[in-house]
Amino acid sequence: MTLMAWNDAFSVGVPSIDKEHQRLIGLLNALYDAVQSNQAKEKLGQVLDGLIAYTATHFKTEERYFAQTHYPDAERHSREHEELTRQVLEVQRRFKAGETATLSMEVMNFLKRWLVNHIQGSDRKYAPHLQSKGIK
Ligand SMILES: [Fe+2]
Ligand SMILES: [Fe+2]
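Using this note's numbering, you'd call the opening residue of the sequence shown number 608 and step up by one each time.
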């Protein structure tokens with residue numbers, strides 16, 4: 608079972624970004640699968656680490672495009688990235704330090720909601736700008 612499936616409503620019209628978003632969704636689903644199949648805490652931690660690491664990579668890609676193309680809303684957008692990074696690192700810290708051997712559905716839904724809202728909100732807003740600068 609998957610937590611969320613890619614569909615065209617997630618497309619921001621920049622193929623390299625869509626590819627990264629697809630991979631992010633894939634990693635989130637992998638985390639969900641690991642939770643659902645009661646994987647050991649250590650394994651779960653590794654999958655969570657992988658999702659967090661790739662999120663950082665993805666944010667860097669977007670911010671590199673913003674810098675390259677002088678995207679006017681870069682600062683506000685980057686602050687949203689920082690905020691999510693802070694929140695997921697807190698999830699990771701609590702999971703690793705805590706008693707629980709699993710991640711709650713609440714955490715999974717938080718990650719899903721954030722990804723959907725950010726992609727369909729802020730990420731979509733940069734599409735016309737990046738496209739006009741020839742970013743593919
Ligand atoms: Fe994004
Ligand atoms: Fe973004």
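Ideal Cβ placement from N, Cα and C applies to all residues, glycine included. Computed from a predicted model, the values in this text were never measured in an experiment.
Beta carbon of residue i nearer than 8 Å to that of residue j
| i | j | result |
| --- | --- | --- |
| residue 654 | residue 637 | yes |
| residue 727 | residue 616 | yes |
| residue 661 | residue 634 | yes |
| residue 639 | residue 610 | yes |
| residue 785 | residue 743 | The shown model of the chain, from 608 to 743, leaves out residue 785, and the question about it has no answer. |
| residue 704 | residue 619 | no |
Inter-residue CB distance, residue i and residue j (contact presumed, cutoff 8 Å)
| i | j | result |
| --- | --- | --- |
| residue 641 | residue 648 | The Cβ separation is near 10 Å, so there is no contact. |
| residue 624 | residue 669 | 7 Å |
| residue 672 | residue 631 | Not a contact, Cβ separation roughly 16 Å. |
| residue 702 | residue 696 | With 8 Å as the limit, residue 702 and residue 696 do not qualify as a contact, their Cβ atoms being about 11 Å apart. |
| residue 714 | residue 698 | 6 Å |
| residue 676 | residue 740 | 4 Å |
Status (buried if at least 16 other CB within 10 Å, exposed otherwise) for residue i
| i | result |
| --- | --- |
| residue 628 | buried |
| residue 730 | buried |
| residue 684 | buried |
| residue 707 | exposed |
>> Just to confirm the assignment: which complete alpha helix (DSSP H) runs, minimum length 4, are found wholly within the stretch 642-723?
In response: With a minimum length of 4 residues, the continuous alpha helix (DSSP H) runs that stay inside the stretch 642-723 are 648-676, 681-704.
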